[in-house]
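Remarks on the structure that follows.
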């Protein structure tokens, strides 16, 4: 199933300012046990006119999500790979580990219940764009952006899995921050 919740607020004061704000949550449960995704977000867009010659656009977006998966399809501990190689006589409903195919494939039910993969992501983007009307058809626009991405992943193989019988957990983390600026003079 998928559950979406969103709240949106917008408003304006004639030609002086306007804004749009939305917040929401998406919760999705996968059809494979122990899989799913949860995402929260916040969006903001606004424009403020301080005078006929000076205005500022501000926008931002924040997303926080987490996902639970099973190992990828091409892995010896992945569910699809193991379902395809599983002999018809193999007892699949047993979640205890019992490998087959010469010990290189996991019980598909064991893969779903014991081998884990998790992703957590946080993304923030902020933009500020002031604009100055220098003359009748001449504008100066500055653009500033801040971007922050934080991604974390965890891949786990339980004790006794075909990929790593001793069990293994691999953690990956990346954090990226950027500032971007530009200035443009436009004549219309």
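In our numbering, the protein residues as written are 3 to 190.
Where is the CB? At the ideal position from N, CA and C, for every residue including glycine.
Check: Endpoints, the beta strand (DSSP E) within which residue 114 is located; Outcome: That residue, residue 114, is in no beta strand (DSSP E); its alpha helix (DSSP H) goes 110–116.
Check: Sequence-distant residues of the same chain with beta carbon closer than 6 Å to residue 157, five excluded per side; Outcome: 119, 172
Check: Beta-carbon separation (whole angstroms), residue 159 vs residue 165, contact threshold 8 Å; Outcome: 5 Å
Check: Run of the alpha helix (DSSP H) containing residue 172, from where it starts to where it stops; Outcome: No alpha helix (DSSP H) contains residue 172, which is instead part of the beta strand (DSSP E) from 170–189.
Check: Check whether residue 6 and residue 42 have beta carbons under 7 Å apart; Outcome: no
Check: Whole-angstrom distance between residue 115 and residue 126, CA atom to CA atom; Outcome: 33 Å
Check: Pair within 7 Å by beta-carbon distance, residue 121 and residue 163; Outcome: no
Check: DSSP beta-bridge partners of residue 153; Outcome: 123, 176
Check: Contacts around residue 63, its chain only, beta-carbon distance under 6 Å, and the 5 residues preceding and following it disregarded; Outcome: 45, 127
Check: At least 3 beta-carbon pairs within less than 8 Å: the segment 131–145 vs the segment 183–190; Outcome: yes
Check: Limits of the unbroken alpha helix (DSSP H) element including residue 34; Outcome: Element bounds for residue 34: n/a, residue is neither H nor E.
Check: Residue interval of the beta strand (DSSP E) (run including residue 11); Outcome: 4–15
Check: Cβ pair residue 56, residue 149 closer than 7 Å; Outcome: no
Check: Range covered by the beta strand (DSSP E) that runs through residue 166; Outcome: Taken as a continuous stretch (DSSP letters only), residue 166 belongs to no beta strand (DSSP E), as it is neither H nor E.
Check: DSSP-derived helix/strand/coil call for residue 60; Outcome: strand
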